[in-house]
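So the sequence lines, in the order shown, correspond to chains A and B.
Mind the numbering: the first sequence is residues 1 to 164 in the working numbering, read in order.
Mind the numbering: the second sequence is residues 165 to 328 in the working numbering, read in order.
Beta carbons are placed, not taken as given, at the ideal position from N, Cα and C, and that holds for glycine.
Below is one structure; the comments refer to it alone.
2 protein chains.
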Amino acid sequence: MDKLHEPLSCQAACGLPLALEVMGERWSFMILRAAFNGVRHFEDFLDELGIARNILSNRLVRLVEGGILKRDHCADDRRRVEYCLTLKGQDLLPAMLALRQWGEKYAMGVPANPVLCDARDGIPIAPITVRAHDDRIVRPGELVWRDRLQCTGHDLDALVKSDA
Amino acid sequence: MDKLHEPLSCQAACGLPLALEVMGERWSFMILRAAFNGVRHFEDFLDELGIARNILSNRLVRLVEGGILKRDHCADDRRRVEYCLTLKGQDLLPAMLALRQWGEKYAMGVPANPVLCDARDGIPIAPITVRAHDDRIVRPGELVWRDRLQCTGHDLDALVKSDA
């Protein structure tokens with residue numbers, strides 16, 4: 001693990017605080033998870049999560065303000081409001097599934113039911129792994145921190161552009 | 165997103181609550197992150213995180229009880245205590261990096277400095293993605309929930325065994 005040392009001064013500016021703000025709050029996380037499951041309407045979130053009305057209302061406002069959910073009028077009934085994941089919200093899927101898989105592995109020893117599968121062939125998705133630029137799986141001991149200036153622009157762009 | 169619907173009754177038993185308990189609390193997360201960065205001693209956590217002594221003490225106990233960190237006497241100085249990541253703790257790396265990458269992408273538009281690289285070639289790691297069993301990248305709209313009984317044992321084992 002010693003190779004994995006990051007200078008102290010950088011620990012505040014690494015992007016985790018924002019992610020934590022969204023994912024670190026239990027109800028926000030559960031709302032997000034329901035949104036990934038196709039839940040869109042206030043009353044449906046209420047039913048599925050067993051959450052208090054005022055808390056749900058508060059968290060939905062925060063998720064919309066944070067650009068994770070988009071509040072819209074339904075196409076088929078303009079009086080109804082629906083909450084959909086934005087692209088930014090959809091991009092939370094790898095983090096959410098990595099957390100879920102970890103919980104399954106250590107909380108239960110078997111995957112939860114139902115199982116998330118590839119729609120194309122119905123086979124369960126693979127464990128989420130850390131990959132090198134050429135797709136090799138990288139383990140914690142095989143990682144090292146480098147200054148951005150030592151990395152080429154092309155390499156860095158890959159980390160912030162939309163998925164290939 | 166409609167394909168991604170999970171029956172309500174299963175939402176409580178999916179393994180997320182355990183993961184949330186560990187990752188969802190801001191200080192626990194920051195302690196874990198420091199541990200991934202090679203921090204091992206109480207006083208070093210204290211210095212690096214700017215955390216109150218009693219909170220650090222409390223969170224370390226909880227992380228040890230949760231099997232995420234192991235409390236040990238240093239090999240070179242038996243009077244000193246060190247906290248190291250267990251295998252269960254190390255397995256949180258994909259989730260932690262997925263969260264970090266998301267925060268980088270949306271909070272700053274550029275990766276934080278320093279950049280986490282593959283030690284072998286010094287090139288930044290790839291964005292964390294969701295993969296099918298045959299390693300194809302799968303997107304949110306290409307996922308479907310299936311009952312465990314419809315999946316073969318082999319497929320399910322892949323999700324809970326140690327990384328290949």
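So, at 8 Å on beta carbons, what are the nonlocal neighbours of residue i in its own chain, with the 5 sequence-adjacent residues on each side left out?
i: T86(A); result: G67, I68, L69 and K70
i: L63(A); result: V22, S28, I31, L32, L69, Y83 and G89
i: P258(B); result: I292
i: V245(B); result: H205, F206, R235, D236, H237 and C238
Please tell me whether, using a cut-off of 8 Å, the distance from the CB of residue i to the nearest non-hydrogen atom of the ligand ATP is below it.
i: F193(B); result: As for the ligand ATP, it is missing from this structure, which has no ligand bound.
In chain A, which residues lie less than 7 Å from residue i when you measure between Cβ atoms?
i: Y247(B); result: Those within 7 Å of Y247(B) in chain A number zero; the least Cβ separation is about 11 Å.
Rounded to whole angstroms, how far is the Cβ of residue i from the Cβ of residue j, which I believe are closer than 8 Å?
i: L280(B); j: I292(B); result: At roughly 11 Å, the Cβ-Cβ gap does not stay under 8 Å, so L280(B) and I292(B) are not in contact.
i: A34(A); j: E48(A); result: 5 Å
i: N113(A); j: R312(B); result: 4 Å
i: L220(B); j: F206(B); result: 7 Å
i: K269(B); j: D91(A); result: 7 Å
Whose Cβ in chain B lies nearer than 8 Å to the Cβ of residue i?
i: D118(A); result: A296, H297, R300, V302, E306, L307 and V308
i: C74(A); result: Chain B residues near C74(A): none, gap ~14 Å exceeds 8 Å.
In chain B, which residues lie with their C-beta within 9 Å of the C-beta of residue i?
i: R77(A); result: Just to set this straight, residue 77(A) is Asp in the shown sequence, not Arg. Ordered by position in chain B, no residue passes the 9 Å Cβ test against D77(A), which lies about 17 Å from the chain.
i: I128(A); result: P258, A259, A262, I292, T293, V294 and R295
i: I167(A); result: Not covered by the structure: residue 167(A). The range shown for chain A is 1 to 164.
Only counting the same chain, and skipping five residues up and downstream in sequence, which positions put a Cβ closer than 6 Å to that of residue i?
i: P7(A); result: Residue confidence is low: P7(A) scores 46 on pLDDT, short of 50, so the model does not pin down where it sits. Its coordinate-derived value is still stated next. Excluding residues within five positions, none has a Cβ falling inside 6 Å.
i: E229(B); result: none
i: D163(A); result: Confidence is the limiting factor: at D163(A) the pLDDT is only 43, short of 50, which leaves the residue's position unreliable and the question unanswerable from this model.
i: A262(B); result: I292
Does DSSP put residue i in a helix, a strand or coil?
i: V39(A); result: coil
i: P288(B); result: strand
i: I51(A); result: coil
i: R62(A); result: helix
i: R139(A); result: coil
i: D208(B); result: helix
Excluding the 5 residues flanking residue i on each side, which residues of the same chain have their C-beta closer than 7 Å to its C-beta?
i: V138(A); result: V130, R131 and A132
Handout entry: 3 or more residues per run - each beta strand (DSSP E) lying fully within the region 65 to 97 of chain A
Key = Taking only runs of at least 3 residues, the beta strand (DSSP E) segments lying wholly in the region 65 to 97 of chain A are 69 to 73 and 81 to 85.
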